[in-house]
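Presented below is the structure to which this report refers.
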Amino acid sequence: MVKSLSDKKNRLAHGLFVVEGDKVVREMADSRYFIEEVFAMEPWIEKHAHIFHPSCPLTIVSDKDLERMSQLSAPNNALAVLKMPSQKPLEALEGKGIIIAVDGVQDPGNLGTIIRTADWFGCHQIICSLQCADVYNPKVLQATMGSFKRVDIFYTNLMAFLAELPNTYPVFAATLDGENMYRKKFPDDGLLLMGNESKGVGKELMAFVNQKLFIPSPVSNASERAESLNVSIATGVILAEWVRQMS
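Mapping of the sequence shown onto the working numbering: residues 5 to 251, in sequence order.
Written as structure tokens, this is what we have:
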């Protein structure tokens with residue numbers, strides 16, 4: 005069954021997902037996630053069994069077994085099957101600091117990197133449109149490097165969500181026609197809206213944006229530089245400046 009959890013339909017049907025790798029599996033021993041079972045080679049289990057609850061099933065498998073169960077191209081020496089937590093209700097955003105919203109980010113690596121970046125900068129809530137990659141996709145989890153356990157991910161209709169925000173609540177979006185982000189004064193609370201890899205933020209969502217940001221390049225001639233930044237890199241650049249101003 006472990007291999008079947010690489011498919012979103014099966015993950016949802018069973019309410020389970022898989023994490024792989026020595027570090028992330030060990031981190032799960034002390035997390036909010038319920039561990040259904042750990043699969044690892046005997047030396048790994050002998051070394052780390054003490055960090056898991058006595059009732060946690062620890063199953064010894066061979067390296068060939070792990071290779072067959074793995075959802076990644078390069079199998080690790082341990083994997084764990086975990087129970088999906090129920091999605092918590094979204095709370096009021098005021099007083100929550102920087103909130104990230106992502107519109108249709110479909111590349112698993114990009115979403116995972118955004119989650120990891122958010123964790124680094126102390127952002128603990130990410131709101132995803134229903135068109136985003138699944139946070140429990142193996143490639144998303146791998147890209148987070150364990151940060152998914154410290155960041156709450158919500159999936160919702162972004163248009164309906166943004167429509168309910170107070171008109172005065174700061175909503176920033178990265179656009180090519182925005183204002184130089186280094187000339188902006190960032191507030192203590194606000195939402196950063198990042199868009200799809202190729203289309204950017206949807207037009208229908210831009211109606212709720214009250215502050216457009218542009219990340220300037222030192223290369224003034226557009227024909228001599230990249231057309232745009234990768235969405236996960238752009239998220240990191242904006243968060244770095246926002247957090248710098250708050251510190």
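The C-beta atom is built at its ideal place from N, Cα and C for all residues, glycine as well. Remember, predicted model here, so these are calculated numbers, not experimental data.
Return the Cβ separation of residue 121 and residue 240 in integer angstroms, given the expectation that the two are a contact with Cβ distance under 8 Å. Residue 121 to residue 240, Cβ: 5 Å. Contact.
Threshold first: 3 residues or longer. Then list the beta strand (DSSP E) segments lying entirely within the region 183-220, N to C. If one requires a minimum length of 3 residues, the beta strand (DSSP E) runs lying completely within the region 183-220 are 194-198 and 215-218, in chain order.
Please return the same chain residues whose Cβ sits closer than 8 Å to the Cβ of residue 118, not counting the five positions on each side in sequence. Counting only residues of its own chain and dropping the five nearest sequence neighbours on each side, residue 118 has a CB closer than 8 Å to the CB of 104, 106, 109, 130, 198, 235, 236 and 239.
Closest to residue 20 by CA distance: which of 124, 225, 89 and 191 is it? Taking residue 20 as reference, the option from 124, 225, 89 and 191 with the minimal CA-CA separation is 89.
In whole angstroms, what is the alpha-carbon distance linking residue 251 and residue 18? Those two C-alpha atoms are separated by around 43 Å.
Spatially closest choice to residue 156 from 171, 170, 166 and 140, by CA coordinates: Looking at the Cα atoms, 140 is the closest of the given residues.
How many whole angstroms separate the CB atoms of residue 184 and residue 220, which I take to be in contact at a CB cut-off of 8 Å? In this structure residue 184 touches residue 220 by the C-beta definition: roughly 5 Å separates them, less than 8 Å.
How many Å lie between residue 195 and residue 175 at the Cα? Taken atom to atom, the span from the alpha-carbon of residue 195 to that of residue 175 is near 5 Å.
Below 8 Å CB to CB, which residues in the same chain sit around residue 65 once its five sequence neighbours on both sides are set aside? Result list for residue 65: 43, 44, 45 and 73, in chain order.
Among 80, 94, 7 and 114, the one whose alpha carbon lies nearest that of residue 29: The residue with the shortest Cα to Cα distance from residue 29 is 80.
Kindly indicate if chain B contains any beta-carbon less than 8 Å away from that of residue 190. Looking for chain B here will not work: only one protein chain is present.
Please look up how many angstroms separate the CB atoms of residue 24 and residue 76, rounded, as I've assumed it's under 8 Å. Beta-carbon to beta-carbon, residue 24 and residue 76 are separated by about 6 Å, close enough to satisfy the 8 Å threshold.
Quick check on DSSP: helix, strand or coil for residue 162? It is helical.
Taking only runs that begin and end inside the region 114-160, name each unbroken beta strand (DSSP E) of 3 or more residues, in chain order. Runs of the beta strand (DSSP E) inside the region 114-160: 129-133 and 156-160.
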